[in-house]
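One structure below.
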Amino acid sequence: MGELIAMNNPQPQTAKTINFAEKYVAPPQVAVGLNFLDIKSGTVLRAKGYADGIDAQRCTMHADTWADTTLYMAGMDFLIKKPGDLDMQIGEFNTEEDHPLGQPKPLTSRRINFEHPYVTPPKVVVFLNMNDAVGSSVRIKTYASNIDVKGFTIHIDTWADTTIWRAKAAWVAYPEDRSNIFSGTGSTLDLRPWDQPTGQDHKDVKFEGVEFLKQPSVFVALNSVDIGSATNARVRAYVDNVSRAGLTWHCDSWAVTKLWSAGVSYIAFH
Numbered sequence: 148m149g150e151l152i153a154m155n156n157p158q159p160q161t162a163k164t165i166n167f168a169e170k171y172v173a174p175p176q177v178a179v180g181l182n183f184l185d186i187k188s189g190t191v192l193r194a195k196g197y198a199d200g201i202d203a204q205r206c207t208m209h210a211d212t213w214a215d216t217t218l219y220m221a222g223m224d225f226l227i228k229k230p231g232d233l234d235m236q237i238g239e240f241n242t243e244e245d246h247p248l249g250q251p252k253p254l255t256s257r258r259i260n261f262e263h264p265y266v267t268p269p270k271v272v273v274f275l276n277m278n279d280a281v282g283s284s285v286r287i288k289t290y291a292s293n294i295d296v297k298g299f300t301i302h303i304d305t306w307a308d309t310t311i312w313r314a315k316a317a318w319v320a321y322p323e324d325r326s327n328i329f330s331g332t333g334s335t336l337d338l339r340p341w342d343q344p345t346g347q348d349h350k351d352v353k354f355e356g357v358e359f360l361k362q363p364s365v366f367v368a369l370n371s372v373d374i375g376s377a378t379n380a381r382v383r384a385y386v387d388n389v390s391r392a393g394l395t396w397h398c399d400s401w402a403v404t405k406l407w408s409a410g411v412s413y414i415a416f417h
């Protein structure tokens, strides 16, 4: 499920109520990931997407910035974990859980322990939902490593002259043999060198090993970005050509933005 929050008249905080497709027996958990940003140049790249006010029928989605940042547009996607779904587990990690805002690190990691261990190592998907970073380019990447039945290590990293003041990533875990779900990641670096930006990158993906009986819904969010700061930071991740057999993921920028690289995480399900 997804929702785009567009701000033609930019505001530091924008919110919208989302009605769920069905009424649940209890409030579900909601994982949120950013997939669309247009931020004015010359300021720190600050953007946060999140959900609150979650009840059995609805939630409120937020796209926020702060301080002197101008957020022209922001988009996000969200994934619902239904009450009683013990196979799927979701959570978040904020770099401020590791170190204070005023003591940035280029590499941050944390061991995440599952509330319920799995029988075999699960699939783990991670994606960004808050950035507060500055540099000649804004460079940030989140990923998972050391996945086992009890947990995994989540990473939020940068490189070169970028400073991440703080960042947040969300994660989703599910059994590796679950039949109605397919996930993966993609990167523009799989398609071209970082120093040859095209403005439009895409790749076809086949749902290998998973057979959907109908066209799935698809969650998509950014897991990395390396974007020049001299112009507005404009990036959009999305999917199209969704069928029972596969999809096409895209990472685009526009105008004069230099999108050196970007990465996506996607989850197809029904």
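Be aware that the sequence shown starts at 148, since it is given in our numbering, and climbs by one per residue.
Built from N, CA and C at the ideal position, the CB exists for glycine as well.
Every value quoted in this text rests on a predicted model; they were computed, and no experiment measured them.
For Glu-239, the secondary structure class from DSSP, reduced to helix, strand or coil, is strand. The shortest C-alpha to C-alpha distance from Gln-362 to any of Ala-377, Val-389 and Arg-381 is the one to Val-389.
The alpha-carbon separation between Ser-284 and Ile-374 amounts to approximately 5 Å.
Gly-200 places its beta carbon 8 Å or farther from that of Leu-275. Taking C-alpha positions only, Val-365 is separated from Ile-414 by approximately 6 Å. Closest by C-alpha distance to Ala-203, out of Gly-189, Lys-170 and Leu-218, is Lys-170.
The region 396 to 404 and the region 248 to 266 do not touch, with fewer than three beta-carbon pairs separated by less than 8 Å.
It is roughly 18 Å from the alpha-carbon of His-302 to the alpha-carbon of Lys-195. Listed in chain order, the non-local C-beta contacts of Lys-353 below 8 Å within the same chain comprise Ala-392 and Gly-393, local neighbours out to five positions each way being set aside. Counting only the Cα atoms, Lys-288 lies some 21 Å from Thr-216. Using a Cβ distance threshold of 8 Å, Val-271 and Thr-332 do not count as a contacting pair. For Phe-299, the pairing in a beta bridge is given by DSSP as Ile-259.
One Cα belongs to Asn-370, the other to Val-273, and the distance between them is close to 7 Å.
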